[in-house]
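According to my numbering, the stretch in the sequence shown is residues -10 to 76, in order.
The next block holds one structure in the form of structure tokens; read it before the comments.
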Amino acid sequence: MVRGFDLENRTTAFGRAVITVCRSLPRDPINDRLLGQVVGSAGSIGANYREANDALGKKDFVQRLKIARREAKECHHWLQLVSEANS
-10 MVRGFDLENR
0 TTAFGRAVIT
10 VCRSLPRDPI
20 NDRLLGQVVG
30 SAGSIGANYR
40 EANDALGKKD
50 FVQRLKIARR
60 EAKECHHWLQ
70 LVSEANS
């Protein structure tokens, strides 16, 4: 694997960073809902990438990568809303 491009470690680090940021934000009903969504989707990126690496075949691998990509897009959406709600 190319050094600096280990997606298992990078997606885990991303999930950890999202959790750290979310813990620093104020608690209220809106943030609670938004932060739950963003933490869930951030964690799913890495989980689905790891599942892709254990895929049974190429089709399964590609499908799981597509799911990880969709989770990344969802996470981006929630991060934008969190940013707007806390600015």
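Beta carbons are placed, not taken as given, at the ideal position from N, Cα and C, and that holds for glycine.
- Put simply, the segment 26 to 45 touches the segment 61 to 76. At least three CB pairs are less than 8 Å apart.
- Around the Cβ of Gly35, a 10 Å sphere holds 16 or more other Cβ atoms; the residue is buried.
- Look at Arg16 here: in three-state DSSP terms it is coil, with no helix or strand label.
- Within its own chain, the residues whose Cβ lies closer than 7 Å to the Cβ of Cys64, once the five positions on either side in sequence are excluded, are Val27, Ser30, Ala31 and Ile34, listed in chain order.
- A direct Cα-to-Cα measurement between Val7 and Glu40 gives close to 21 Å.
- Setting aside the 5 residues that flank it on each side, Arg53 is surrounded in the same chain by Asn37, Glu40, Ala41 and Ala44, each with a C-beta closer than 7 Å to its C-beta; the list follows chain order.
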